[in-house]
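**Student:** Please find one structure pasted underneath; my questions will follow.
Residue numbers (this note's numbering): 118 to 359.
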């Protein structure tokens with residue numbers, strides 16, 4: 118079975134003060150104001166912050182406080198012994214192999230249709246339950262040195278969209294030193310209103326260039342957030358000037 122999401126809040130749903138600050142109560146019993154419900158099985162809180170410019174935007178300052186009625190361990194934890202260390206290392210190994218295996222499964226699925234960007238199979242998302250207001254697309258670029266992948270977007274009315282490339286292991290590339298992504302704020306539209314982005318290892322001389330930072334191949338991720346319609350990206354491999 119996949120992850121169980123017991124509660125979900127959008128920023129637009131949250132009550133804020135004049136300074137834009139807010140508090141959210143996380144509990145099983147319903148609370149007045151901003152409330153995020155949890156279950157007995159709940160063990161984590163996921164926060165997603167959408168940034169238009171990673172090098173300039175400031176991340177939100179978030180803090181967690183245990184309120185009255187919460188439980189703390191009555192006794193200190195048992196000192197680490199050999200058996201406990203072995204169990205911890207084994208658990209860490211299972212986590213690493215599980216994550217790597219899951220991501221490689223995604224990559225192997227994407228690379229079955231190289232140089233295309235297709236709707237993400239819901240089966241791949243069931244173990245990483247994401248934003249219910251988001252439409253996800255993924256792909257895999259595999260290009261020669263003199264090739265680029267042109268992506269054409271007929272952008273729907275939406276709150277946010279972005280397109281980014283990663284390496285084979287689905288790790289983000291160096292987005293501080295290279296332009297590895299575009300969103301609705303940074304992309305330059307063409308005269309017809311569409312967005313055309315070229316993914317390539319060398320500069321294609323176009324307005325929207327995603328630099329693969331030396332990678333010949335890797336994964337592509339795209340999303341529409343709160344879009345009024347779905348819109349499939351169109352792709353074609355182009356030859357670059359020598």
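Cβ coordinates follow ideal geometry from the N, Cα and C atoms, glycine included.
My output table needs one value for residue 338: the three-state DSSP class, helix, strand or coil.
**Tutor:** As a working mapping, residue 338 is identified with position 221 in the chain shown. Three-state result, residue 338: strand.
**Student:** State the beta-bridge partners of residue 101 as determined by DSSP.
**Tutor:** Any answer about residue 101 is impossible in this case: the structure gives the chain only from 118 up to 359.
**Student:** Return helix, strand or coil for residue 302, following the three-state DSSP convention.
**Tutor:** Within the chain shown, numbered from 1, the residue matching residue 302 stands at position 185. It is coil, neither helix nor strand.
**Student:** Contact defined as beta carbons within less than 8 Å: I believe residue 266 pairs with residue 305. What is the distance between those atoms, to the nearest angstrom?
**Tutor:** For the purposes of this step, residue 266 is taken as residue 149 along the chain shown, with counting starting at 1. For the purposes of this step, residue 305 is taken as residue 188 along the chain shown, with counting starting at 1. Not a contact, Cβ separation roughly 18 Å.
**Student:** For residue 279, which residues does DSSP report across the bridge?
**Tutor:** Taking the first residue of the chain shown as position 1, residue 279 is located at position 162. Paired residues: 300, 340.
**Student:** Closest to residue 356 by C-alpha separation, out of 137, 259, 176, 264, would be which residue?
**Tutor:** Position 239 of the chain shown, counted from the first residue, corresponds to residue 356. The residue with the shortest Cα to Cα distance from residue 356 is 264.
**Student:** Compare the beta carbon distance of residue 268 and residue 280 with 9 Å and say whether it is the shorter of the two.
**Tutor:** In the chain shown, the residue the question calls residue 268 occupies position 151. In the chain shown, the residue the question calls residue 280 occupies position 163. For residue 268 and residue 280, yes; Cβs fall inside 9 Å.
**Student:** Tell whether a beta-carbon distance below 9 Å holds between residue 275 and residue 345.
**Tutor:** Counted from its first residue, the chain shown places residue 275 at position 158. Counted from its first residue, the chain shown places residue 345 at position 228. Contact: yes.
**Student:** Roughly how many angstroms separate the alpha carbons of residue 372 and residue 258, rounded to a whole number?
**Tutor:** Here the chain has residues from 118 to 359 only, and residue 372 is not among them.
**Student:** Hey, would you say residue 235 sits closer than 9 Å to residue 254, going by beta carbons?
**Tutor:** As a first step, residue 235 is located in the chain shown; it is residue number 118 there, counting from the start. As a first step, residue 254 is located in the chain shown; it is residue number 137 there, counting from the start. Cβ atoms of residue 235 and residue 254: closer than 9 Å.
**Student:** Measure the C-alpha to C-alpha separation of residue 359 and residue 308 and round it to an integer number of angstroms.
**Tutor:** For the purposes of this step, residue 359 is taken as the residue at position 242 of the chain shown. For the purposes of this step, residue 308 is taken as the residue at position 191 of the chain shown. So the alpha carbons of these two residues sit roughly 26 Å apart.
**Student:** Around the C-beta of residue 293, are 16 or more other C-beta atoms found within 10 angstroms, so that it is buried, or is it exposed?
**Tutor:** For this step, residue 293 is matched to residue 176 along the chain shown. With fewer than 16 other Cβ atoms within 10 Å, it is exposed.
**Student:** Nearest by alpha-carbon distance to residue 290: which of 220, 331, 196, 340 is it?
**Tutor:** Working through the chain shown from its first residue, we reach residue 290 at position 173. It is 331.
**Student:** Using CA atoms only, rank isn't needed, just tell me which of 272, 298, 278 is closest to residue 284.
**Tutor:** Sequence index remark: in the chain shown, residue 284 carries index 167 (1-based). Selected option, being the one with the closest Cα: 298.
**Student:** What first and last residue would you give for the beta strand (DSSP E) that runs through residue 326?
**Tutor:** Here residue 326 corresponds to residue number 209 of the chain shown, with the count starting at 1. Run containing residue 326: 326 to 328, per the beta strand (DSSP E) assignment.
**Student:** For residue 227, does the count of other Cβ atoms within 10 angstroms reach 16, so buried, or fall short, so exposed?
**Tutor:** In the chain shown, the residue the question calls residue 227 occupies position 110. Classification for residue 227: buried.
**Student:** Count the other CB atoms within 10 Å of the CB of residue 352; is the residue buried (16 or more) or exposed (fewer)?
**Tutor:** For the purposes of this step, residue 352 is identified with residue 235 of the chain shown, where counting begins at 1. Buried is the call here.
**Student:** On the CB-based measure, 16 or more other CB atoms within 10 Å of its CB, does residue 321 come out buried or exposed?
**Tutor:** Counted from its first residue, the chain shown places residue 321 at position 204. Label assigned to residue 321: buried.
**Student:** If you draw a straight line from the C-alpha of residue 148 to the C-alpha of residue 142, how long is it?
**Tutor:** In the chain shown, residue 148 corresponds to position 31, counting from 1. In the chain shown, residue 142 corresponds to position 25, counting from 1. Computed Cα separation, rounded: 7 Å.
**Student:** Which one of 192, 164, 170 has the shortest CA to CA distance from residue 180?
**Tutor:** The residue given as residue 180 occupies position 63 in the chain shown. Closest option to residue 180, Cα to Cα, is 164.
**Student:** So what's residue 258 in DSSP terms, helix, strand or just coil?
**Tutor:** Residue mapping note: residue 258 aligns to position 141 of the chain shown, counting from 1. Strand.
**Student:** Start and end of the alpha helix (DSSP H) containing residue 316?
**Tutor:** Reading the chain shown from its first residue, position 199 is the one you call residue 316. It is not in any alpha helix (DSSP H) - residue 316 instead sits in the beta strand (DSSP E) that spans 312 to 317.
**Student:** Is it buried or exposed, residue 223, if we count other Cβ atoms within 10 angstroms and call 16 or more buried?
**Tutor:** In the chain shown, the residue the question calls residue 223 occupies position 106. With 16 or more Cβ atoms within 10 Å of its Cβ, residue 223 is classed as buried.
**Student:** Pick helix, strand or coil for residue 162, following the three-state DSSP scheme.
**Tutor:** Taking the chain shown and counting its residues from 1, one reaches residue 162 at position 45. Coil.
**Student:** If you draw a straight line from the alpha carbon of residue 373 to that of residue 206, how long is it in whole angstroms?
**Tutor:** Shown here, the chain extends from 118 to 359; a query on residue 373 therefore has no answer.
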